[in-house]
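Visitor: Residue numbers (the numbering used here), protein chains in the order written: chain Y, 1 to 195; chain U, 1001 to 1195.
2 protein chains.
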Amino acid sequence: MSLREEILDVSKELLLKHGFSKISMRKIAKKANVTATSIYLHFKNKDDLLLALVEESIANLNRVLRNTLDEAASPIEQLESLTDAYVGYAMENPQEYEIIYMVRPEEMPKYPREKFQQVREIYELLAGIIQRGKDRNLFDVEDPLVSAYTLWAQIHGVVSVILGKRLDTRVPIERFLDLATDHIIQGFIVQKTPA
Amino acid sequence: MSLREEILDVSKELLLKHGFSKISMRKIAKKANVTATSIYLHFKNKDDLLLALVEESIANLNRVLRNTLDEAASPIEQLESLTDAYVGYAMENPQEYEIIYMVRPEEMPKYPREKFQQVREIYELLAGIIQRGKDRNLFDVEDPLVSAYTLWAQIHGVVSVILGKRLDTRVPIERFLDLATDHIIQGFIVQKTPA
DNA sequence: ACTGTGAACTTAACGGTGTTAACCTAAGGT
DNA sequence: ACCTTAGGTTAACACCGTTAAGTTCACAGT
Chain Y
1 MSLREEILDV
11 SKELLLKHGF
21 SKISMRKIAK
31 KANVTATSIY
41 LHFKNKDDLL
51 LALVEESIAN
61 LNRVLRNTLD
71 EAASPIEQLE
81 SLTDAYVGYA
91 MENPQEYEII
101 YMVRPEEMPK
111 YPREKFQQVR
121 EIYELLAGII
131 QRGKDRNLFD
141 VEDPLVSAYT
151 LWAQIHGVVS
161 VILGKRLDTR
171 VPIERFLDLA
181 TDHIIQGFIV
191 QKTPA
Chain U
1001 MSLREEILDV
1011 SKELLLKHGF
1021 SKISMRKIAK
1031 KANVTATSIY
1041 LHFKNKDDLL
1051 LALVEESIAN
1061 LNRVLRNTLD
1071 EAASPIEQLE
1081 SLTDAYVGYA
1091 MENPQEYEII
1101 YMVRPEEMPK
1111 YPREKFQQVR
1121 EIYELLAGII
1131 QRGKDRNLFD
1141 VEDPLVSAYT
1151 LWAQIHGVVS
1161 VILGKRLDTR
1171 VPIERFLDLA
1181 TDHIIQGFIV
1191 QKTPA
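Okay, structure coming up:
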């Protein structure tokens, strides 16, 4: 295994074990039996290293989402199962999810766009589902691609509130998640106005 | 002005000007013409100081939300105007919003609950609106308090995606926000099933 | 008037951080 | 036999949050 991979491995291990705020180049280096400066031979800086981890984690999440997709199911069912899979993944792998969304490298905006191609692909998949639902008069959406983004943003909000430990302790997480996903899906389904 | 207030003032100024990642106890102290250690006479540590800023900003946001509430309006209108006010506040005061939600002091969970009483009050206000809408058969909700939390989480997700610069650059922010608020509100309104 | 106390503040230091410059070493190609 | 290059090192810089110890000074009690 190359040192680069080794560094990625131990970084992820430390991140998952001790959380984002506790990792440092020196600790990573120590765990890889190397000096901190060696990391700079393989990564531009700390942000660059973190970004590589973000990429990995995004790939994981994408794999999970793609695997849960049942081509034969109805658009509504597909939306529901994707939502559940997303939330489930975040709940079961909170640190991994945090790697994706909580880590905020300074120069993310100017980071090479190709790297986020995978993210786009997921959106287009989602947009496709929404488009098909719209065509069948199941979904009340104007613009499937934009709605794909709002759907994801809504779900992310729900998840991040829990992971950020900002949910009122009086509210049971399970109930919160159930009602949240209900409301979110509901917001996409056509309103059948009374005759 | 007491040193405590002075510290809060310059901290906020630095935070709004240079962002969260750039502030340090030493810089704050320098700007307040004081040594870094003096800060520790008024705040337990850096997190404690940041938490004080979070409190202030929450109070601001709450004031804005309360001011936009029109007692006479219908529950649907109230929900819409609160949503718009929330999003508007976040867009116009992005750093202030980040202070509230992006700052994640380690010990937030064990922070004295009374301090977040204001947050509760807003939820209860929101829950009241939802309850009234439910009573009038306008809203399709099971549990107004929990739904108040999911509503807020969804909106927060939408806002945080923009502030985190994670929205695809092909999607215009205004359109994204419009469709997002539409979907969110839609998700709370009763489905009138056809006769 | 003298003393004591406590608050506000400082200096100096500890152990940590990301990052860079300079250097070393071994392998491979010419 | 020489040069280049990849992969690694040591030492250092400038910062960080935080603490222990010391200073100054206003004011209360006797």
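C-beta atoms are modelled at their ideal positions from N, C-alpha and C, and glycine is treated no differently.
Step through the CB atoms of chain Y and report whether any lies within less than 8 Å of the CB of Ile1184/U.
Guide: Taking the second sequence and counting its residues from 1, one reaches residue 1184/U at position 184. So, interface residue.
Visitor: Can you check whether the CB of Asp1070/U is closer than 8 Å to the CB of Gln1078/U?
Guide: Locating residue 1078/U in the second sequence gives position 78, where the first residue counts as 1. Locating residue 1070/U in the second sequence gives position 70, where the first residue counts as 1. Going by C-beta atoms, Gln1078/U is nearer than 8 Å to Asp1070/U.
Visitor: Got a sec, what are the start and stop residues for the alpha helix (DSSP H) His1042/U sits in?
Guide: What you label residue 1042/U is simply residue 42 of the second sequence in a count that begins at 1. Its alpha helix (DSSP H) spans residues 1036 to 1042.
Visitor: Who are Phe1139/U's beta bridge partners in DSSP?
Guide: The residue you call residue 1139/U lines up with position 139 of the second sequence. Per DSSP, Ile1189/U.
Visitor: Does Arg1197/U come out as helix, strand or coil in the three-state DSSP assignment?
Guide: Any question about residue 1197/U goes unanswered here, given that chain U covers just 1001 to 1195.
Visitor: Per DSSP, what kind of secondary structure is Asn60/Y in: helix, strand or coil?
Guide: The count along the first sequence starts at 1 and reaches residue 60/Y at position 60. Here DSSP, grouped into helix, strand and coil, assigns Asn60/Y to helix.
Visitor: Any Cβ of chain U within less than 8 Å of the Cβ of Gly128/Y?
Guide: Counted from its first residue, the first sequence places residue 128/Y at position 128. False, the Cβ-Cβ gap to chain U never drops below 8 Å.
Visitor: By Cβ distance below 6 Å, which residues in the same chain neighbour Pro109/Y in space, the five residues on each side in sequence not counted?
Guide: Here the question's residue 109/Y lines up with position 109 in the first sequence. Note that Pro109/Y has pLDDT 49, beneath the 50 cutoff, so the model's placement of it is unreliable and no number is given.
Visitor: Let's see if you can read the secondary structure: which residues bound the alpha helix (DSSP H) around Asp9/Y?
Guide: Here residue 9/Y refers to the residue found at position 9 when the first sequence is read from its first residue. Unbroken alpha helix (DSSP H) run through Asp9/Y: 3 to 18.
Visitor: Just the chain Y side, please: which residues come within less than 7 Å of Thr1150/U by C-beta, in chain order?
Guide: Residue 1150/U sits at position 150 when you count from the first residue of the second sequence. Simply Val158, Phe176, Leu179, Ala180, His183.
Visitor: Pop quiz: Gln1191/U and Gln191/Y are said to be a contact at Cβ under 8 Å. What is the actual Cβ separation, rounded to whole angstroms?
Guide: For the purposes of this step, residue 1191/U is taken as residue 191 along the second sequence, with counting starting at 1. For the purposes of this step, residue 191/Y is taken as residue 191 along the first sequence, with counting starting at 1. Indeed they touch by this definition, with Cβ atoms about 6 Å apart.
Visitor: Report all residues from its chain with a CB closer than 7 Å to the CB of Gly1187/U; omit the five preceding and five following residues, and keep chain order.
Guide: Along the second sequence, one-based indexing puts residue 1187/U at 187. So no residue of the chain qualifies.
Visitor: Classify Lys165/Y as helix, strand or coil using the three-state DSSP reduction.
Guide: Stepping through the first sequence from its first residue, residue 165/Y is reached at position 165. Coil at Lys165/Y, not helix or strand.
Visitor: In terms of alpha-carbon separation, which member of Pro1075/U, Ser1021/U, Lys1031/U lies closest to Leu1008/U?
Guide: Translated into positions along the second sequence, residue 1008/U becomes position 8. Cα-wise, what sits closest to Leu1008/U is Lys1031/U.
Visitor: Strictly below 9 Å CB to CB, what residues from chain Y border Leu1053/U?
Guide: Looking up residue 1053/U in the second sequence gives position 53. Those within 9 Å of Leu1053/U in chain Y number zero; the least Cβ separation is about 16 Å.
Visitor: Looking only at its own chain, which residues have a Cβ that is under 7 Å from the Cβ of Leu1014/U, when we skip the five neighbours before and after it?
Guide: Translated into positions along the second sequence, residue 1014/U becomes position 14. The answer, listed in chain order, is Ile1023, Lys1027, Ile1028, Lys1031.
Visitor: Indicate whether Ala90/Y and Leu126/Y have their beta-carbon atoms separated by less than 8 Å.
Guide: As a working note, residue 90/Y is residue 90 in the first sequence. As a working note, residue 126/Y is residue 126 in the first sequence. Not in contact: Ala90/Y and Leu126/Y (Cβ atoms no closer than 8 Å).
Visitor: Looking at the secondary structure, which residues open and close the alpha helix (DSSP H) in which Asp1084/U lies?
Guide: The residue labelled residue 1084/U in the question sits at position 84 within the second sequence. Unbroken alpha helix (DSSP H) run through Asp1084/U: 1075 to 1092.
Visitor: For the putative contact between Leu1053/U and Ile1099/U, defined by C-beta atoms under 8 Å, what is the C-beta separation to the nearest angstrom?
Guide: Numbered from its first residue, the second sequence carries residue 1053/U at position 53. Numbered from its first residue, the second sequence carries residue 1099/U at position 99. The C-beta separation of Leu1053/U from Ile1099/U comes to about 6 Å, placing the pair in contact by the 8 Å criterion.
Visitor: Between Ile155/Y and Tyr86/Y, how many whole angstroms is the CB-CB distance? I'm expecting something under 8 Å.
Guide: As a working mapping, residue 155/Y is identified with position 155 in the first sequence. As a working mapping, residue 86/Y is identified with position 86 in the first sequence. Yes, they are in contact, since the Cβ atoms of Ile155/Y and Tyr86/Y sit about 6 Å apart, within 8 Å.
Visitor: Measuring alpha carbon to alpha carbon, tell me which residue in Glu1174/U, Leu1082/U, Ala1153/U is nearest Leu179/Y.
Guide: If you number the first sequence from 1, residue 179/Y lands on position 179. When only C-alpha atoms are compared, the closest one is Ala1153/U.
Visitor: Please list the partners that Gly133/Y has in chain U, where partner means a Cβ-to-Cβ separation under 7 Å.
Guide: Taking the first residue of the first sequence as position 1, residue 133/Y is located at position 133. The premise fails here: Gly133/Y is roughly 13 Å from chain U at the closest Cβ pair, so nothing lies under 7 Å.
Visitor: How about Phe139/Y and Pro75/Y: do their beta carbons lie closer than 8 Å?
Guide: Position 139 of the first sequence, counted from the start, is the residue given in the question as residue 139/Y. Position 75 of the first sequence, counted from the start, is the residue given in the question as residue 75/Y. Result yes, Cβ atoms of Phe139/Y and Pro75/Y sit closer than 8 Å.
Visitor: Would you report the Cα separation of Leu145/Y and Arg132/Y, rounded to the nearest angstrom?
Guide: Taking the first sequence and counting its residues from 1, the one referred to as residue 145/Y is at position 145. Taking the first sequence and counting its residues from 1, the one referred to as residue 132/Y is at position 132. Note on geometry: alpha-carbon atoms of Leu145/Y and Arg132/Y lie some 12 Å from one another.
Visitor: DSSP three-state call for Leu69/Y: helix, strand or coil?
Guide: Working through the first sequence from its first residue, we reach residue 69/Y at position 69. Of the three classes helix, strand and coil, the one that applies to Leu69/Y here is coil, per DSSP.
Visitor: Can you give me the Cβ contacts of Ala1036/U inside the same chain, cut-off strictly under 7 Å, excluding the 5 residues immediately before and after it?
Guide: Here residue 1036/U refers to the residue found at position 36 of the second sequence. Answer for Ala1036/U: Met1025, Arg1026, Ala1029, listed in chain order.
Visitor: Using CA atoms only, rank isn't needed, just tell me which of Asn67/Y, Leu3/Y, Asn62/Y is closest to Glu96/Y.
Guide: For this step, residue 96/Y is matched to residue 96 along the first sequence. Out of Asn67/Y, Leu3/Y, Asn62/Y, Asn62/Y has the C-alpha closest to the C-alpha of Glu96/Y.
Visitor: What does a CB cutoff of less than 8 Å around Val1010/U pick up in its chain, not counting 5 residues either side in sequence?
Guide: Taking the second sequence and counting its residues from 1, the one referred to as residue 1010/U is at position 10. Cβ within range, chain order: Ile1028, Lys1031, Ala1032.
Visitor: Mark Arg1170/U as exposed unless 16 or more other C-beta atoms lie within 10 angstroms of its C-beta, in which case mark it buried.
Guide: On the second sequence, position 170 is the one that residue 1170/U refers to. Its Cβ having fewer than 16 others within 10 Å, Arg1170/U is exposed.
Visitor: Just checking: is the beta-carbon of Pro109/Y within a distance shorter than 8 Å of some beta-carbon in chain U?
Guide: Counting from one through the first sequence, the residue named residue 109/Y turns up at place 109. Because Pro109/Y sits at a pLDDT of 49, beneath the cut-off of 50, its placement in the model cannot be relied upon, and the following sentence gives the value as read from the coordinates. So yes, Pro109/Y belongs to the interface.
Visitor: Since Ile1122/U and Leu1065/U should fall inside the 8 Å C-beta cutoff, what is the C-beta to C-beta distance between them, to a whole number of angstroms?
Guide: Locating residue 1122/U in the second sequence gives position 122, where the first residue counts as 1. Locating residue 1065/U in the second sequence gives position 65, where the first residue counts as 1. Indeed they touch by this definition, with Cβ atoms about 6 Å apart.
Visitor: Give the interface partners of Phe1188/U over in chain Y, defined as CB-CB distance under 7 Å, in chain order.
Guide: As a working mapping, residue 1188/U is identified with position 188 in the second sequence. Think of a sphere of 7 Å around the beta carbon of Phe1188/U: the chain Y residues whose beta carbon falls inside it are His183, in chain order.
Visitor: Determine, using beta carbons only, whether Asp47/Y comes closer than 8 Å to chain U.
Guide: By one-based count along the first sequence, residue 47/Y stands at place 47. By this cut-off, Asp47/Y is not an interface position.
Visitor: Around the Cβ of Arg120/Y, are there at least 16 other Cβ atoms within 10 angstroms (buried) or fewer (exposed)?
Guide: On the first sequence, position 120 is the one that residue 120/Y refers to. When all chains shown are included, Arg120/Y counts as exposed.
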